[in-house]
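A.B. asks: Take a look at this one; I'll ask things after.
Residue numbers (the working numbering): -8 to 182.
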């Protein structure tokens, strides 16, 4: 009987460690949510009003700025010891899939595999796939966000093509911002 009680206590301690690890991952993701949620929101809303000139300068310029802000944020988090860690992997491991998708998606667009009129749908589905695949590392939150991105892309393609950029900006980028605010509020509430 004492052996079972000891095992139960060890199991409870293990569960506590998993919860603490997931909470630290969520806390370190908040600044990235704000950076990239803002990037998508401004970018897509701008495209709703100017589909030709806006993307030429915005996506590349803001992408470089977002990358620099993310790098600085990651360096600051690692110096403070707040970077998410999992099995020896630091925070950059969580964002590496986005870089891979960016490179692969950019190649596919440059090679003409994706029509420009379908580019926004294509990118939202790719971003959704990355969020879903991050589930094992970061928990189920990114999985929900990824499923939302894919569903938003598919539903917009089927029913609201004329408002795609506005919807992707408000509901896509906006959902990342809202997630960041929710995580920040949860962090303050639970310390």
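Every residue gets a Cβ at the ideal spot worked out from N, C-alpha and C, and that includes glycine.
(1) How many angstroms separate the CA atom of residue 139 from the CA atom of residue 119?
(2) Just to confirm before moving on: does the CB-CB distance between residue 61 and residue 26 stay below 7 Å?
(3) Tell me whether residue 103 is buried or exposed, calling it buried when 16 or more other Cβ atoms sit within 10 Å of its Cβ.
(4) What does the Cβ neighbour count give for residue 52, buried or exposed, with the cut at 16 atoms within 10 Å?
(5) What number of angstroms, rounded off, separates the C-alpha of residue 183 from the C-alpha of residue 174?
(6) Would you check if the segment 166 to 173 and the segment 21 to 36 touch, i.e. whether three or more CB-CB distances between them fall below 8 Å?
(7) To which residues of the same chain is residue 21 closer than 8 Å at the C-beta, ignoring the five residues directly before and after it?
(8) Which runs of the alpha helix (DSSP H), 4 residues or longer, sit entirely within the segment 92 to 123?
(9) Go to residue 159, then tell me how far its alpha helix (DSSP H) extends in each direction, as first and last residue.
(10) Assign residue 30 to buried or exposed, taking buried as 16 or more other Cβ atoms, counted over all protein chains shown, within 10 Å of its Cβ.
(11) Just the C-alpha distance for residue 101 and residue 108, rounded to the nearest angstrom, thanks.
(12) Quick check on residue 149: buried or exposed, where buried means 16 or more other Cβ atoms within 10 Å of its Cβ?
C.D. replies: On the basis of the supplied data:
(1) 7 Å
(2) yes
(3) exposed
(4) exposed
(5) A question about residue 183 goes unanswered here, because the residues of the chain that appear run from -8 up to 182.
(6) yes
(7) 171, 174, 175, 178
(8) none
(9) No alpha helix (DSSP H) contains residue 159, which DSSP labels as neither H nor E.
(10) buried
(11) 14 Å
(12) exposed
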